[in-house]
Structure formats: structure tokens, C-alpha cells
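Protein chains in written order, with the numbering used here: chain A, 5 to 120; chain B, 6 to 116. Notes follow the structure.
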Amino acid sequence: DTEVTQTPKHLVMGMTNKKSLKCEQHMGHRAMYWYKQKAKKPPELMFVYSYEKLSINESVPSRFSPECPNSSLLNLHLHALQPEDSALYLCASSPKAGWSGANVLTFGAGSRLTVL
Amino acid sequence: AQSVSQHNHHVILSEAASLELGCNYSYGGTVNLFWYVQYPGQHLQLLLKYFSGDPLVKGIKGFEAEFIKSKFSFNLRKPSVQWSDTAEYFCAVNANDKLIFGTGTRLQVFP
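Here is the structure:
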């Protein structure tokens, strides 16, 4: 299995809702990432997990709450979002965090979020 | 902080034309360099990467890129593009545990 699977593919939520995005990989990768991509813009790093521990938080608002229950799963919990948070949320994984000869990120197809 | 610049925002070519997309980065230390491609409606895919060694790297689908350290550049090339190469192309730099993307170049290839 060489894929990163993200669910749901599409999500519409109101500003008072609580929802979660899920990401799963079975490649034995020990680093997992959340990126946010607005239309016609590059992906922007949000969080990095290394060995199930949060290692990088790019000053993301607390209405986004990541969770890494185990080495294969990564969640992004959403609460009290704003319409400007509407975007494609990409999950990625790599053999480990940091730069090294083996560190190539594999991306999922993304979850397209619309906040009304 | 490191950054990545892609100066070509939108490139339009006819099939069989040659392609070169520019990428410059700013970071003084050791970097790993990548080109990713995002076909319409699909996820980001790795085209090629540079970690060390031969500065001319070859990737999938006939793409290649050359790392020129003195110019902080990692330009992407393909001698003859196809309609199926229509996509968004992102240069990326991995430094300090972060993969930072350039702004992207939209390539449209017409038959």
C-alpha cells in the first residue's frame, strides 16, 4: 500500500459545527503532516508529527486541533471555523521528519472543506 | 527564513515545444529540492528530487531538473511537452524539517 487516504473527500460545515478530517497511511511512515491549500495557491504547512508527537505547529489558530492516535492515523479536529478557512486540506506522510536521503512526502488527495 | 520563488506563473505551450520552468530558493544550508506536479483534480505527485550527487536529476515522464548551487536554482525541463503535461507544477525545498512550496506554475499544453 503506497497511498495516503483522506476522508471525507468533501465536507461542508457551519461555523458552530465540530467536525474532523481523517488521514491514514500504511507505509510505516513515522512523520505525518497537515497542509492547507487555497485555490490557485501552494500548499502551506500547518502541522508536523514525528513519531506520533507534534513537532511543528506553524502558528495555526486553535480552532484547528491535530491529533495523532497512532503511527498510521492523523486527525484534524475542526471547531468554530470561519468562512476563510474553506480550503483543500492535504495530509502527507514521509519515512521520518527532517531532511535526509529517504525523506520524500507522499500526499493524499485532500479533503475539500467549505465553511458556511 | 527559507523561501522558494517560481517566476513563471502561467505558461502556455503547443505540443512538442520545449519546457523550462524556473525555481530559485533562498536558504544558506543544505537543502533537498523537489518538483511536484498536481494534475487537474488529482493529488500532488513527486516528479523528481535532488538530495546530493549528480546535479542533473531525471524524473518521471521525461522530466529533468538541474541543481545549480551558485545560482540557488533548480529549474525543471522537458524537451518535448505533451497535452497530458497540462498541470500545476510546484518547486519545493526541504530545510529545517519543513517542506516549503513555491507559488506554482500553471502549464497549459495545446494540441
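Note that beta-carbon positions come from the ideal geometry of N, C-alpha and C, so glycine has one too. All values reported here derive from a predicted model rather than from experimental measurement.
- For methionine 19(A), count neighbouring Cβ atoms within 10 angstroms of its own Cβ and tell me buried if that reaches 16, exposed if not. By 1-based counting over the first sequence, the position of residue 19(A) is 15. Exposed, by the Cβ-count rule.
- Task: Indicate the three-state DSSP secondary structure (helix, strand or coil) for proline 73(A) in the structure shown.
- Result: For the purposes of this step, residue 73(A) is taken as the residue at position 69 of the first sequence. The three-state secondary structure of proline 73(A), taken from DSSP, is strand.
- Rounded distance between the beta-carbons of serine 24(A) and leucine 80(A), thought under 8 Å: Start at 1 with the first residue of the first sequence, and residue 80(A) comes out as number 76. Start at 1 with the first residue of the first sequence, and residue 24(A) comes out as number 20. Their Cβ separation, rounded to whole angstroms, is 7 Å, which keeps leucine 80(A) and serine 24(A) in contact under 8 Å.
- Query: Taking the alpha-carbon positions, what's the valine 108(A) to valine 64(A) distance?
  - Reply: In the first sequence, the residue the question calls residue 108(A) occupies position 104. In the first sequence, the residue the question calls residue 64(A) occupies position 60. Cα to Cα, valine 108(A) sits roughly 24 Å from valine 64(A).
- Task: For threonine 110(A), count neighbouring C-beta atoms within 10 Å of its own C-beta (all shown protein chains included) and say buried if the count is 16 or more, exposed if not.
- Result: As a first step, residue 110(A) is located in the first sequence; it is residue number 106 there, counting from the start. The residue is buried, with at least 16 neighbouring Cβ atoms inside 10 Å.
- Candidates Trp40(B), Asp102(B), Ser85(B) and Tyr94(B): closest to proline 116(B) by CA position: By one-based count along the second sequence, residue 116(B) stands at place 111. Comparing Cα positions, the closest option is Ser85(B).
- Task: Quick one: measure Cβ to Cβ for glutamine 7(B) and glycine 109(B), integer angstroms, because I've assumed they're closer than 8 Å.
- Result: What you label residue 7(B) is simply residue 2 of the second sequence in a count that begins at 1. What you label residue 109(B) is simply residue 104 of the second sequence in a count that begins at 1. Glutamine 7(B) to glycine 109(B), Cβ: 17 Å. No contact.
- Query: Can you tell which of Gln41(A), Lys22(A), Leu15(A) and Glu7(A) has the C-alpha that lies nearest to the C-alpha of alanine 91(A)?
  - Reply: What you label residue 91(A) is simply residue 87 of the first sequence in a count that begins at 1. For the residues Gln41(A), Lys22(A), Leu15(A) and Glu7(A), the minimum Cα distance to alanine 91(A) belongs to Gln41(A).
- Hey, is asparagine 80(B)'s beta-carbon within less than 8 Å of any beta-carbon in chain A? Numbered from its first residue, the second sequence carries residue 80(B) at position 75. No, no contact with chain A.
- Task: Within 10 angstroms of the Cβ of tryptophan 88(B), are there 16 or more other Cβ atoms? Answer buried if so, exposed if not.
- Result: Start at 1 with the first residue of the second sequence, and residue 88(B) comes out as number 83. The residue in question, tryptophan 88(B), is exposed, as its Cβ has fewer than 16 Cβ neighbours within 10 Å.
- Item | Residues of the region 18-41 of chain B whose Cβ lies closer than 9 Å to any Cβ of chain A, in chain order | Contacts with chain A (Cβ-Cβ distance below 9 Å) from the region 18-41 of chain B involve Thr35, Val36, Asn37, Phe39 and Tyr41, listed in chain order.
- Task: Step through the CB atoms of chain B and report whether any lies within less than 8 Å of the CB of valine 64(A).
- Result: Looking up residue 64(A) in the first sequence gives position 60. Under the 8 Å criterion on CB atoms, valine 64(A) is classed as non-interfacial with respect to chain B.
- Message: Taking its Cβ as the centre, do 16 or more other Cβ atoms sit within 10 Å of asparagine 99(B), making it buried, or is it exposed?
- Response: Walking along the second sequence from the start, residue 99(B) turns up at place 94. That one is buried.
- Item | Against chain A: residues of the region 85-104 of chain B by CB proximity under 7 Å | Residues of the region 85-104 of chain B with a C-beta less than 7 Å from any C-beta of chain A: Phe95, Asn99, Ala100, Asp102, Lys103 and Leu104, listed in chain order.
- Task: Could you tell me how far apart the beta carbons of leucine 78(A) and tyrosine 39(A) are, in whole angstroms, since I believe they sit closer than 8 Å?
- Result: As a first step, residue 78(A) must be located in the first sequence, where it is residue number 74. As a first step, residue 39(A) must be located in the first sequence, where it is residue number 35. Not quite, the Cβ-Cβ distance comes to about 12 Å (not below 8 Å), so this is no contact.
- Which two residues bound the contiguous beta strand (DSSP E) that contains isoleucine 17(B)? Indexing the second sequence from 1 puts residue 17(B) at position 12. Counting along the chain, the beta strand (DSSP E) containing isoleucine 17(B) begins and ends at 15-19.
- Short check: CB of leucine 38(B) to CB of phenylalanine 72(B), under 8 Å? As a first step, residue 38(B) is located in the second sequence; it is residue number 33 there, counting from the start. As a first step, residue 72(B) is located in the second sequence; it is residue number 67 there, counting from the start. In this structure, leucine 38(B) lies near phenylalanine 72(B), with their beta-carbon atoms less than 8 Å apart.
- Message: Between the alpha carbons of proline 70(A) and aspartate 102(B), how many angstroms are there, rounded?
- Response: Translated into positions along the first sequence, residue 70(A) becomes position 66. Translated into positions along the second sequence, residue 102(B) becomes position 97. The alpha-carbon atoms of proline 70(A) and aspartate 102(B) are separated by roughly 18 Å.
- Hey, could you find the ends of the beta strand (DSSP E) glutamate 28(A) is sitting in? Taking the first residue of the first sequence as 1, we reach residue 28(A) at position 24. Segment 22-29, the beta strand (DSSP E) holding glutamate 28(A).
- Whole beta strand (DSSP E) runs in the region 34-94 of chain A with 3 or more residues, listed along the chain? Secondary structure in the region 34-94 of chain A: the beta strand (DSSP E) runs of 3 residues or longer, each lying completely within the stretch, are 35-41, 48-54, 57-61, 68-74 and 77-83 in chain order.
- Quick one: grab the DSSP three-state call for lysine 74(B). In the second sequence, residue 74(B) corresponds to position 69, counting from 1. Here lysine 74(B) carries a helix assignment [DSSP, helix/strand/coil].
- Task: Return no unless some Cβ of chain A is closer than 8 Å to the Cβ of leucine 51(B).
- Result: Here residue 51(B) refers to the residue found at position 46 of the second sequence. Yes, its Cβ sits closer than 8 Å to a Cβ of chain A.
- Rounded C-beta distance between glutamate 28(A) and serine 76(A)? I'm assuming under 8 Å. Here residue 28(A) corresponds to residue number 24 of the first sequence, with the count starting at 1. Here residue 76(A) corresponds to residue number 72 of the first sequence, with the count starting at 1. Cβ atoms of glutamate 28(A) and serine 76(A) come within 8 Å of each other, at about 6 Å.
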